[in-house]
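Trainee: These protein sequence lines map, in sequence, to chains A and B. Those letters in the first sequence? Residues 766 to 1219, by my numbering. Those letters in the second sequence? Residues 327 to 726, by my numbering. Note that beta-carbon positions come from the ideal geometry of N, C-alpha and C, so glycine has one too.
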Amino acid sequence: MANDTNPLPLAGVRIAEITVVWAGPHVTQVLAEWGADVIRVEPITHIQPYSRGGERVQTREVARRSAESGVLVGAYPDNDPGEDPWNRNAPFNAHSRNKRSMACDIMLPEGKEAFFRLVEKVDVLIENNVPITIERAGITYDVLKEINPRLIMLRMPAYGLAGPYKNYRGFGTHVEGMIGHHWLRGYPDGSPDETGEAFTADAVAGVMGAFGVTSALLKREETGVGQQIEMPLAESFLPALGEWILDYTMNGRVAQPQGNLHRTHAPHSVYPTQGADQWIAIDIATDEEFRALCDVLGTPQLVADERFQTAVGRKQHEKALDEALYAVTRDWVNDDLFHRLQAAGVTAGSVHDEAVFMQSPQLLERGFFEELTIEGIGTHTYPGIMTKWEHTPNHLRTPPPKIGEHNEEIYIDLLGYSREEYDSLVERGLVGTTYSETLVPRTWLPATEPTSER
Amino acid sequence: MAQLFDGLKVLELAGHVAGPFAGKLFADYGADVIKVEPPEGDRSRHEGPYKDDIPDPETSALFLHLNTNKKSITLDVNTEEGRGILRRLIDQSDIVVEDFRPGQMADWGLSYDELAKDHPDLVLASITPFGQTGPWRDYRGSEITLQALGGPLHLNGSSLREPLKSGGYVAQYHCGVAVAYACVAARFRVAMGGKGDHIDQAIYEAQAGFRDRRTVYATGYQYTGYVAKRQPPGSRIAMGPRPTADGYVNIYAGGTKHFLPALDLIGRGDLKEHEDAEKPLQLYSEDFAAEVEGSWMAWLIQRDKREAVAETQQIGLLGGAIFTTEDLITDEHYRSRGVWDQVTHPKAGTYEGPGRPLIMSETPRQAPRHAPLLGEHNTEVYGALGLADDLERLRSQGVI
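#1: Report buried or exposed for B:LYS396, applying the criterion of at least 16 other Cβ atoms within 10 angstroms of its Cβ.
#2: Any idea which residues DSSP pairs B:ASN576 with across the strands?
#3: Determine the direct distance from the alpha carbon of A:VAL786 to that of A:PHE880, and round the result to whole angstroms.
#4: Closest Cβ-Cβ distance between A:SER1001 and chain B: below 7 Å?
#5: Where DSSP assigns a beta bridge to B:GLU363, which residues make up the other side?
#6: Just checking: is the beta-carbon of B:ILE641 within a distance shorter than 7 Å of some beta-carbon in chain A?
#7: Measure from the C-beta of B:LYS521 to each C-beta in chain A and report whether the shortest distance is under 7 Å.
#8: I need the DSSP call for B:VAL336, collapsed to helix, strand or coil.
#9: Is there a Cβ of chain B sitting closer than 7 Å to that of A:GLN813, yes or no?
#10: Should the stretch 687-700 of chain B be regarded as contacting the stretch 395-411 of chain B, the criterion being three or more beta carbon pairs within less than 8 Å?
#11: For the candidate residues A:VAL887, A:ARG805 and A:SER861, whose alpha-carbon lies nearest to that of A:VAL778?
#12: Under 8 Å Cβ to Cβ from B:ASP382, same chain only, skipping five residues before and after it: list those, please.
#13: So which residues of chain B does A:GLN1124 contact, with C-beta pairs closer than 7 Å?
#14: Alpha carbon to alpha carbon, what distance is there between A:ARG950 and B:LEU388?
#15: Going along chain C, which residues have a C-beta under 7 Å from B:HIS659?
#16: By Cβ distance below 8 Å, which residues in the same chain neighbour A:MET766 in space, the five residues on each side in sequence not counted?
#17: Expressed to the nearest angstrom, what Euclidean distance is found between the alpha-carbon atoms of A:THR979 and A:GLU1053?
#18: Grab me the residues of A:GLU885's own chain with a C-beta within less than 7 Å of its C-beta, minus the 5 sequence neighbours each way, in chain order.
#19: Whole beta strand (DSSP E) runs in the stretch 505-575 of chain B with 3 or more residues, listed along the chain?
#20: Around the Cβ of B:VAL553, are there at least 16 other Cβ atoms within 10 angstroms (buried) or fewer (exposed)?
#21: In chain order, which continuous runs of the alpha helix (DSSP H) of length 4 or greater are located wholly inside the stretch 446-496 of chain B?
#22: Just reading off the beta strand (DSSP E) that B:ALA588 is part of, what are its end residues?
#23: Between the Cα of A:SER1201 and those of A:VAL792, A:HIS791 and A:ILE812, spot the shortest distance and give me the residue it belongs to.
#24: Taking the C-alpha atoms as reference points, what is the distance between A:GLY1040 and A:TRP799?
#25: Per DSSP, what kind of secondary structure is A:LYS877 in: helix, strand or coil?
#26: Whole beta strand (DSSP E) runs in the stretch 807-894 of chain A with 3 or more residues, listed along the chain?
#27: According to DSSP, is A:GLU1202 part of a helix, a strand, or is it coil?
#28: Measuring only the C-alpha atoms, how far is B:GLU407 from B:VAL725?
#29: Distance check for A:PHE1055 and A:GLN1066, CA to CA, integer angstroms please.
#30: Looking at the secondary structure, which residues open and close the alpha helix (DSSP H) in which A:LYS930 lies?
#31: Between the stretch 826-838 of chain A and chain B, which residues of the former have a C-beta closer than 9 Å to a C-beta of the latter?
#32: Just by C-beta distance, which residues in the stretch 860-886 of chain A are closer than 8 Å to chain B?
#33: With 7 Å set as the bound, which would you pick, yes or no: does the beta-carbon of A:ILE994 sit closer than that to a beta-carbon of chain B?
#34: Can you check whether the CB of A:THR1112 is closer than 7 Å to the CB of B:ARG414?
#35: Pull up the distance between the alpha-carbon of A:ALA1076 and that of B:PRO364, whole angstroms please.
#36: Identify the continuous beta strand (DSSP E) that holds B:GLN668 and give its terminal residues.
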């Protein structure tokens, strides 16, 4: 009989990561959540752009203006970048809980030596750099497996280890363009520049990478050897577009932007409710659901309308139906309509921004959100773990690591450096807990930002 | 050569997208996946798009894509005999993926704790819109409503218009991968001498943990007290989607560390001397912004999308073209990498589909076998259960 004291499934698995930006760190986030000991290998001798948010040190005023306009990609606590913005960056702190950080520059000889010693001690290595970076560093799988034949190495470049776009640089938002997702999700009557940016490929790659790594760990229990997993960001997302791709290869049809349309359901869109930018998504598949919708909204005339009698009819006259619904939903209080529709058996869901989302009774009841206290930042609520296991309670364990926070325990205890060797690396500025002052472009700020509060 | 999941037995009691995608990941990498369909077939068989647009439960692209390498059996689990057979199928499985309403399995006497009594290794994954517990557990959910509540839907699109869902069934695909990961992690614990578990995966919670903006901006909201908002088109100078001669690209130039070389590239090296040139783009003066944006747009519109990307990649700009499915499938890069699997199906003919998400160096994926016809493996699977002599009767009684 199962009980509630099961260990986390990846307890005892050690993972090193040389990852940047969003997708790679998301893979290690979900692996760390289920028990893996994840060590971030990060240089302090140069700044990895878009990874810890240190490449542009904003003033408080710029940070506040940006947040106020709804751009939160580089948000800092209280809009204050502080003296160490790379330890205060929201995108970084959203993924890096449960991880450790070790200062190490794999491009320098001393760093490479430490990295090779680390490779001996880990089960898994994960990286998502442009392939040429890994080649230049001389740390491809054929080299590393000589050091550790049990090593599993996940490589996740944007487009692959071979092919014309091998060394193309891009984020999830660029990759989603190059695989057809940006086009597909646009307004049916609009153009792609109205669509806005999405990082959907990063999200899918996170769990896909974790799936690949864990599968290879499982296989290794049987075979005793590791392997390389190549997972281009682009290819990890392609299966999510399967039916659109088959429609082209079977029928020659080029998918047009779909927006909120569904292949057969109507109504199927977002509808305005009372207040500014308040919307509710409604998805009707059957006649019964349509009648229930009209009952709640008090629109018997729509049920009686000949055009809307069948699913086919509703789809065919979707635009007229949507306009009729817009006129009615506008008068409703969003949350009230959501619960009334659900009570009537209608598939509906409010469009929630992050503030409302973080008050979701469902997520609160299930304990999704968790508090973490970070030294120098304070206590905040963070999104928790996306999967529940009935007999394995799981919570966030440790706060995001400050850069180099675990240098000593990793260099000395894990890698066997002597105190003298370690001190020498620190003295030479190769290992430490902050970037060199010369790397941080602060100097242009005071002149251009007279309103700075700092 | 050995495959990743040789010998792994998976039972798929799930329909449409999320559960079947988890099953596909196992099946494509070598697991023995039995898909249990209701007598009328998986919902995805009835959705299309169909081969030649002729509705046929055997030629729905959504089904064909999601069910490669699986075996299909039909079973009416609403009959007592059907549930008896189901229990036997579960007992011989390592992983079971189900998507009945919360509590349905327990009502049938098939709760995890009951199933695990004599089978502590069992991994049972339950996929529901909102989870097995909580005040919304019986609420209905679908792709658009779960993206709305749980994901970044409010941020897709323009601030001047309504928000948009992300493409296709991405929330459900993502959820399927999360389930596959959880199942393998649980099997890894079993391999290390531990126990299986009951995985409770809400699509809503998979969206709540979605790295695409949601977790990032939830953290940003906690830090700043401000929420993220949709932005108007073209709000970032020389950055984001823009038209080219033959379509669109999405390139980051303005405000990046490669902006000065980009000014050279577009023939506006003179602007490098401007006092705003090295600032973040939020700090560009109106005049400078207009100069840069005009020159950037003029340069792009003279080029095809692939050319514009290739030239800007040369100087290190992050970017990509905005491809249609046709651009994608005919593109030389993907074709040269062998991304497309060719599949021949008895009713849908020969077509190409997206192949591997992962390339495993030691355990390559098997060649794709077409998605099964409805009940194609009834004789084989039920025969192995010793029911060969009962097939006729079960069929006539509507059990299979």
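Mentor: Taking the coordinates as given:
#1: buried
#2: In DSSP, B:ASN576 forms a bridge with B:PRO567 and B:GLY646.
#3: 20 Å
#4: Taking 7 Å as the threshold, the shortest C-beta distance from A:SER1001 to chain B falls below it.
#5: According to DSSP, which records beta bridges pairwise, B:GLU363 is partnered with B:THR400.
#6: For B:ILE641, the answer is no, since every Cβ of chain A falls outside 7 Å of its Cβ.
#7: yes
#8: DSSP places B:VAL336 in the strand class (E or B) of the three-state scheme.
#9: no
#10: yes
#11: A:VAL887
#12: Scanning its chain for C-beta atoms nearer than 8 Å, with the 5 sequence neighbours on each side dropped, one finds around B:ASP382 the residues TYR376 and LYS673, in chain order.
#13: Against chain B, the beta carbon of A:GLN1124 has no neighbour under 7 Å; the closest one sits roughly 11 Å away.
#14: 18 Å
#15: You won't find chain C in this structure, because its protein chains are A and B.
#16: Model confidence at A:MET766 stands at a pLDDT of 42, short of 50, so the residue's coordinates are unreliable and nothing is read from them.
#17: Distance between the alpha carbons of A:THR979 and A:GLU1053 is about 44 Å.
#18: ILE912 and ASN913
#19: 523-528 and 565-570
#20: buried
#21: Fully enclosed alpha helix (DSSP H) runs of 4 or longer: 469-476.
#22: Where B:ALA588 is concerned, there is no enclosing beta strand (DSSP E), although the alpha helix (DSSP H) it sits in stretches over 585-591.
#23: A:ILE812
#24: 41 Å
#25: helix
#26: 864-868 and 889-892
#27: helix
#28: 7 Å
#29: 12 Å
#30: Correcting the residue identity first, residue 930 of chain A is Tyr in this sequence and not Lys. Neither: A:TYR930 is in no alpha helix (DSSP H) and is coded neither H nor E.
#31: VAL827, ALA828, ARG829, ARG830, SER831, ALA832, GLU833, SER834, GLY835, VAL836, LEU837 and VAL838
#32: HIS860
#33: yes
#34: no
#35: 23 Å
#36: Per DSSP, B:GLN668 belongs to the beta strand (DSSP E) from 666-671.
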